[in-house]
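Student: Counting from 1, position 53 in the sequence shown corresponds to residue 61 in my numbering; the numbering is continuous, with no gaps.
We put the CB at the ideal spot given by N, CA and C, even for glycine.
Handing you a structure now.
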Amino acid sequence: YRFYNIFMLFFVVMTAIMGREFGSMYKAEVRARTTGQIAPLPKSGTLDTAELEDQFLAPKEGIKIRAFDAIVPIFTLIILAILG
């Protein structure tokens, strides 16, 4: 049987409720809380937060941001995990 999807949904909910991180996310959380560093330093040794946000978080030009684009895949995953 394929219980991985259901287990991961349960794991995400429990992680959110407990507020505890595991593995790599735990290391990143500790680093962010102790040093204020939100991402590993690049090879150059400096981190420009504005550049990091522009590079990874900004949508491509001409693309509208819609909640619908996130809601449909999430509900599809949940429904298919339950039915599958």
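Keeping to the same chain, check which residues put their C-beta closer than 7 Å to that of Ala-78; ignore five residues upstream and five downstream.
Tutor: Excluding sequence neighbours, Ala-78 sits near nothing in its chain.
Student: Excluding five sequence neighbours on each side, which residues of the same chain lie with their C-beta closer than 7 Å to the C-beta of Pro-67?
Tutor: Cβ neighbours of Pro-67 beyond the five flanking positions: Ile-73.
Student: Keeping to the same chain, check which residues put their C-beta closer than 7 Å to that of Met-16; ignore five residues upstream and five downstream.
Tutor: Nothing meets the Cβ criterion.
Student: Along the chain, where does the alpha helix (DSSP H) that runs through Arg-39 open and close?
Tutor: Run containing Arg-39: 31 to 43, per the alpha helix (DSSP H) assignment.
Student: Would you report the Cα separation of Ile-90 and Asn-13, rounded to the nearest angstrom?
Tutor: Each residue's alpha carbon lies about 9 Å from the other.
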